[in-house]
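As structure tokens, the structure follows; a few thoughts come after it.
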Amino acid sequence: MGELNENSINSLIEMGIPRDIAIDALSRANGNLEAAVNFIFSNELPAEAENSDIEIISYKEKANHVEISNKESFQPGDLTEVIANQQPLQPEFQNYVNDNSENIDSNCYVSDKIVDNMDYYSSDSDYITNSVTDNLLPPSYQIVKHSDHKSRLRDPTVILPLPPNSMIENYFALYSLCITNYLPHIIMRPDFKDLSFTEDWFKGSSFSKPKNVLKSVTDETTSKSTMKICPIEDMNQDDDQPELLWQLQKLSSIVNSTMSERAYVCAKIFSVILDQQSQIRLAEADHLNEVLPSFIKYLVVNLESCPGFEEDEIRKLFISSAFYTPSDDQAPITTLLSLFHFLPDEYDSNLYKMFNVLLYPDENDSDYESGDESEQGNSLGDISPILSIVFDEAEEGSSGISLPEGVEVPLEFFPQIYTKDCKNKLIKHIIAKRKDAQFKSKEILNDINSIKSFQGKDILKFINSSLEYLERDNKSDNITEELLKIKNDMAIVKTQKMNEYRDLAQKLQNEWNISNPETHIVETGRKLGLIGEPYLLVMAVLSPYSYYIRERTGKWNLVQCSTTGGDFDVRECSSELEVKDTIKQATRHASETPLMFMYCRRDVIPEEYEIRKSFESNSGCLNFFKEDQLVLNKMNNSDENI
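The sequence shown begins at 1 in my numbering and counts up by one.
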């Protein structure tokens, strides 16, 4: 392609677009200014531009060709042997890296394979000492055409984000990715037989209904209406269809197959099917916490409309209940919660402290020791297995927060300590003991001070000077003995008081520590049957362009994308501590984008055999994965023939 028109570049720069992004967009659009603007703001190119010859900077490992039986003979169970025996891809660039690592441009996009061989992070300590700003920024923007194939088969499928002007919609896609990873057996329970595969499904540029849809059927004897899956030609036009679920099933069929080579799916596959309420909320909302609940509700309604689920089964997976007391003279009101969110000025040194402010009374509140269990302030009721927490972004023009150590977000969280039952049977008594201990501690300190001085005079210094005087002048031995006895008694009492103070301080820091309940309170709650399985942190979204995602095996990956979706990088974390430390550094100040943390209760995470069984029994998902992989295989063959 010839040189780009400098006037076109300047036109984009005058619109506030950085020069490198302007050049790349024009390159992709073959110099067409209008198409370049469209790409920057909607991430779409005309078909001829997408297929044009552009320079590709990439070090792509040859993709693994996955053999798939033909459509007619593909049967449940065919996956079992391949899944069990699938070997990770072998490095093919080792010699290249060893010979040429000094010549690789540090600003050039480097595939995961090369990054791994270059020991990108030599140790956890090296990672922590690096600037957190550098680590959280998306990879440098390059003229890169990302591959549809994974660099390594074991890499997670990435959500390719929409541009910054569609910021909130990216969180919908990341929430969906988390759900398909941790509740695939739920997502794949309804079987629509054929999800209407199209080769560009992953781009989200269009949406096709499956060949089977939902239809309401009325029982003539009971007049009760139920939903059934039927061919699309038999559908009732008035019946709402689970379009979000269909997209989730498509994504689930990819991310839950150990054989899929699909490298990425565009966030747009979810924004293209938003219901009217979510669209209205999205248009009106300024913050993620204002619209994400509508998306979660949309998900719940989609699943609940399908046959095969118990009453309230889906609602209980995603929606928690809480008891809210509007004022002292009003009874608690039951409310439903789909997420928790915190403003930047509500950040604290750890997540428990932030929840304490919401759900525990002030320790100075004398009413908390009363026996009326119904008037104990705000409490959680039933906690959903999927827990979403949002840290709001900084407001424009606000002074912001400054936490030297950031917020510690635990990898294992126990929100059960905030339930009404646990508060009444355990926490209430601990808070009472804390108040009593703090009162006694003050008394002890006052006693110690009274031993040390009287009317502003240091007693011990007075006794010592008196003893020196008596010894020097050979005064009465009786007085000397009396003073020595007083001095000894003072030392004994002071030691006793100090031991009492240390004992109370130790209990406040351990047994009665509500800011760090993992040290003792959680174990006590478990013994009492008040606290069950921990909630595991499974996703930490620092921005739509930089997020950590946990695999069901416990392994963490960091995914970073450019803000225009031009390139992305996947890196396996050497330790889960990297996740905690990065979050702490990212929360020293309020972020420009919302932070989203997803927790999943450990006992609802399915075993691999459960997922395989669900996958094999859902012909719609199974066939969709197979057709998608066939397309990728054809692309492999085409590349080999070039």
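For each residue, glycine too, the CB sits at the ideal point set by N, CA and C. Predicted model only: the values in this text are computed from it and were never measured.
Report the three-state DSSP secondary structure of residue i (helix, strand or coil).
{"i": "D234", "result": "helix"}
{"i": "L630", "result": "helix"}
{"i": "M598", "result": "strand"}
{"i": "R152", "result": "coil"}
{"i": "D503", "result": "helix"}
{"i": "E408", "result": "strand"}
{"i": "I549", "result": "strand"}
{"i": "D458", "result": "strand"}
{"i": "F643", "result": "Given that the chain is displayed from residue 1 to residue 642, the structure contains no residue 643 and the question cannot be resolved."}
{"i": "T226", "result": "strand"}
{"i": "N464", "result": "helix"}
{"i": "N135", "result": "Because N135 sits at a pLDDT of 44, beneath the cut-off of 50, its placement in the model cannot be relied upon, and the following sentence gives the value as read from the coordinates. Residue state, collapsed to three classes: helix."}
{"i": "C266", "result": "strand"}
{"i": "Y360", "result": "coil"}
{"i": "Y352", "result": "helix"}
In the DSSP assignment, the alpha helix (DSSP H) including residue i goes from what residue to what residue?
{"i": "E313", "result": "E313 to F318"}
{"i": "N181", "result": "M167 to Y182"}
{"i": "L214", "result": "No alpha helix (DSSP H) holds L214; the beta strand (DSSP E) holding it covers N212 to T218."}
{"i": "L292", "result": "L288 to E304"}
{"i": "V255", "result": "E243 to V255"}
{"i": "F342", "result": "Here F342 belongs to no alpha helix (DSSP H); instead the beta strand (DSSP E) covers F340 to F342."}
{"i": "N446", "result": "K428 to K452"}
{"i": "G525", "result": "I521 to K527"}
{"i": "V604", "result": "Counting along the chain, V604 falls outside any alpha helix (DSSP H), and DSSP gives it neither H nor E."}
{"i": "Y609", "result": "E608 to S617"}
Specify, as a first and last residue, the run of the beta strand (DSSP E) that residue i falls within.
{"i": "I333", "result": "I333 to L337"}
{"i": "Q560", "result": "W556 to C561"}
{"i": "A540", "result": "Y535 to S543"}
{"i": "I389", "result": "I386 to F391"}
{"i": "L160", "result": "V158 to L160"}
{"i": "V272", "result": "Looking at the DSSP string, V272 is not in any beta strand (DSSP E), and its letter there is neither H nor E."}
{"i": "E572", "result": "F568 to E572"}
Can you give the Cα-Cα distance for residue i and residue j, rounded to whole angstroms?
{"i": "M539", "j": "L351", "result": "15 Å"}
{"i": "L317", "j": "S619", "result": "25 Å"}
{"i": "L468", "j": "M354", "result": "Contrary to the premise, residue 468 reads as Glu rather than Leu in this sequence. Approximately 57 Å between the Cα atoms of the pair."}
{"i": "L537", "j": "G31", "result": "45 Å"}
{"i": "F648", "j": "E572", "result": "An answer regarding residue 648 cannot be provided, because it is not within the stretch 1 to 642 covered by the chain."}
{"i": "V631", "j": "E6", "result": "39 Å"}
{"i": "P91", "j": "D155", "result": "Here P91 scores only 34 on pLDDT, less than 50, and its place in the model should not be relied on; the value that follows carries that caveat. Cα to Cα, P91 sits roughly 14 Å from D155."}
{"i": "S453", "j": "A590", "result": "47 Å"}
{"i": "G204", "j": "H429", "result": "54 Å"}
{"i": "R19", "j": "A29", "result": "15 Å"}
{"i": "E610", "j": "S384", "result": "21 Å"}
{"i": "S8", "j": "I21", "result": "12 Å"}
{"i": "S131", "j": "G406", "result": "In this prediction, S131 scores a pLDDT of 38, lower than 50, which makes its location untrustworthy; no coordinate-derived value is stated."}
{"i": "Y171", "j": "L274", "result": "13 Å"}
{"i": "E337", "j": "S208", "result": "Per the sequence shown, the amino acid found at residue 337 is Leu instead of Glu. Roughly 32 Å between the two C-alpha positions."}
{"i": "P161", "j": "V301", "result": "25 Å"}
If you compare alpha carbons, which of the options is closest to residue i?
{"i": "T218", "options": "K209, K203, D239 and E233", "result": "D239"}
{"i": "K634", "options": "H149, N5, I13 and S27", "result": "H149"}
{"i": "S660", "options": "D20, A29, T587 and N170", "result": "The shown model of the chain, from 1 to 642, leaves out residue 660, and the question about it has no answer."}
{"i": "S441", "options": "Y501, D628, T480 and L153", "result": "Y501"}
{"i": "T180", "options": "N212, I386 and I168", "result": "I386"}
{"i": "N424", "options": "L530, I444, D191 and S515", "result": "L530"}
{"i": "S574", "options": "S27, N557 and N10", "result": "N557"}
{"i": "K211", "options": "P231, I273 and K428", "result": "P231"}
{"i": "K527", "options": "M498, C422 and E313", "result": "C422"}
{"i": "F340", "options": "L577, L288 and D328", "result": "L288"}
{"i": "S196", "options": "V213, K461 and K507", "result": "V213"}
{"i": "Q506", "options": "A437, E481 and F454", "result": "A437"}
{"i": "L445", "options": "L504, Q455, V409 and I383", "result": "L504"}
{"i": "K555", "options": "L508, L411, S206 and T563", "result": "L411"}
{"i": "P164", "options": "I40, R154, E261 and E408", "result": "I40"}
{"i": "L343", "options": "D392, S466 and F439", "result": "D392"}
{"i": "I168", "options": "L303, Y545 and V493", "result": "Y545"}
{"i": "N623", "options": "S260, L160, I583 and V158", "result": "S260"}
{"i": "K584", "options": "L542, E511 and E592", "result": "L542"}
{"i": "D569", "options": "F414, T157, L12 and E607", "result": "T157"}
{"i": "W201", "options": "N637, N636 and F625", "result": "F625"}
{"i": "P293", "options": "A432, S320, A491 and I605", "result": "S320"}
{"i": "S257", "options": "N636, N637 and S614", "result": "S614"}
{"i": "L12", "options": "S27, V37 and L4", "result": "V37"}
Query raised in the report: Hey, is the region 598-614 in contact with the region 416-423, meaning 3+ C-beta pairs nearer than 8 Å?
Result: Too few Cβ pairs lie closer than 8 Å, so no.
Requested in this report: Please confirm if the region 247-266 is in contact with the region 169-180, defined as three or more CB-CB distances below 8 Å between the two stretches.
Outcome: yes
Query raised in the report: Should the region 509-519 be called in touch with the region 578-592, which here means at least 3 C-beta pairs below 8 Å?
Result: no
Query raised in the report: With contact counted as at least three CB pairs below 8 Å, one residue from each stretch, are the region 266-281 and the region 221-231 in contact?
Result: no
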